[in-house]
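Take -16 as the starting number for the sequence shown in our numbering and just add one per residue. Even for Gly, the Cβ is constructed at its ideal location relative to N, Cα and C.
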Amino acid sequence: MGVFQGDVHDIGKNIVVAMLRGAGFYVVDLGIDVPPQKFIEAIKKENPQIVEASSYISTTKTNSRS
(Lines of atoms letter the chains of each structure in order from A and count residues from 1; the text may use other names and numbers.)
(Lines give C-alpha, C1' and ligand atoms only; values in the text may rest on other atoms or scores of the structure.)
Protein backbone atom coordinates (compact mmCIF):
# COMPACT_ATOMS: atom_id res chain seq x y z
CA MET A 1 0.00 0.00 0.00
CA GLY A 2 1.30 3.39 -0.91
CA VAL A 3 0.34 6.86 -2.10
CA PHE A 4 1.27 7.65 -5.69
CA GLN A 5 4.18 9.94 -6.51
CA GLY A 6 3.20 13.59 -6.38
CA ASP A 7 0.73 13.11 -3.53
CA VAL A 8 1.43 13.52 0.19
CA HIS A 9 -2.08 12.87 1.54
CA ASP A 10 -2.06 9.83 3.78
CA ILE A 11 -5.17 9.89 5.98
CA GLY A 12 -7.17 7.49 3.78
CA LYS A 13 -4.18 5.19 3.32
CA ASN A 14 -3.54 5.10 7.04
CA ILE A 15 -7.17 4.22 7.77
CA VAL A 16 -7.16 1.36 5.26
CA VAL A 17 -3.80 0.06 6.54
CA ALA A 18 -5.10 0.09 10.13
CA MET A 19 -8.31 -1.69 9.14
CA LEU A 20 -6.48 -4.37 7.16
CA ARG A 21 -3.94 -4.96 9.91
CA GLY A 22 -6.79 -5.12 12.44
CA ALA A 23 -8.39 -7.82 10.30
CA GLY A 24 -5.16 -9.83 10.39
CA PHE A 25 -3.64 -8.95 7.03
CA TYR A 26 0.11 -8.47 6.62
CA VAL A 27 0.47 -4.99 5.10
CA VAL A 28 3.58 -3.40 3.62
CA ASP A 29 3.12 0.37 3.88
CA LEU A 30 5.34 2.14 1.34
CA GLY A 31 4.32 5.58 2.57
CA ILE A 32 3.56 8.72 0.57
CA ASP A 33 4.91 10.21 -2.67
CA VAL A 34 5.93 6.75 -3.88
CA PRO A 35 7.50 6.52 -7.34
CA PRO A 36 6.36 3.69 -9.64
CA GLN A 37 9.71 1.90 -9.37
CA LYS A 38 9.32 1.55 -5.61
CA PHE A 39 5.93 -0.14 -6.11
CA ILE A 40 7.51 -2.51 -8.64
CA GLU A 41 10.41 -3.37 -6.33
CA ALA A 42 8.06 -4.06 -3.41
CA ILE A 43 5.84 -6.26 -5.59
CA LYS A 44 8.83 -8.32 -6.75
CA LYS A 45 10.10 -8.67 -3.18
CA GLU A 46 6.83 -9.39 -1.38
CA ASN A 47 4.87 -11.27 -4.11
CA PRO A 48 1.56 -9.90 -2.77
CA GLN A 49 -1.95 -11.19 -3.45
CA ILE A 50 -3.26 -7.62 -3.39
CA VAL A 51 -1.64 -4.31 -4.36
CA GLU A 52 -3.33 -1.16 -3.12
CA ALA A 53 -2.56 2.42 -3.97
CA SER A 54 -4.04 5.71 -2.90
CA SER A 55 -4.21 9.22 -4.27
CA TYR A 56 -6.05 12.42 -3.57
CA ILE A 57 -7.78 12.94 -6.89
CA SER A 58 -7.25 16.69 -7.23
CA THR A 59 -3.46 16.39 -6.86
CA THR A 60 -3.05 13.65 -9.45
CA LYS A 61 -5.71 14.66 -11.94
CA THR A 62 -4.18 15.76 -15.26
CA ASN A 63 -7.26 16.90 -17.16
CA SER A 64 -9.99 18.99 -15.58
CA ARG A 65 -13.31 20.16 -17.02
CA SER A 66 -15.60 22.59 -15.23
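Three-state secondary structure (DSSP) of A6: Here residue 6 is taken as the residue at index 23 of the sequence shown, counted from 1. The answer is coil: DSSP assigns A6 none of H, G, I, E or B.
Presumed contact (8 Å Cβ cut-off) between D(-10) and D16, rounded CB distance: Taking the first residue of the sequence shown as 1, we reach residue -10 at position 7. Taking the first residue of the sequence shown as 1, we reach residue 16 at position 33. Contact holds; Cβ gap of about 7 Å.
Element boundaries [alpha helix (DSSP H), containing I23]: Stepping through the sequence shown from its first residue, residue 23 is reached at position 40. Unbroken alpha helix (DSSP H) run through I23: P19 to E29.
Straight-line Cα distance separating Q(-12) from Q20: Translated into the one-based positions of the sequence shown, residue 20 becomes position 37. Translated into the one-based positions of the sequence shown, residue -12 becomes position 5. One C-alpha to the other measures close to 10 Å.
M(-16) burial status per 10 Å Cβ neighbour count (16 or more: buried): Counted from its first residue, the sequence shown places residue -16 at position 1. Answer is buried; the Cβ neighbour count reaches 16.
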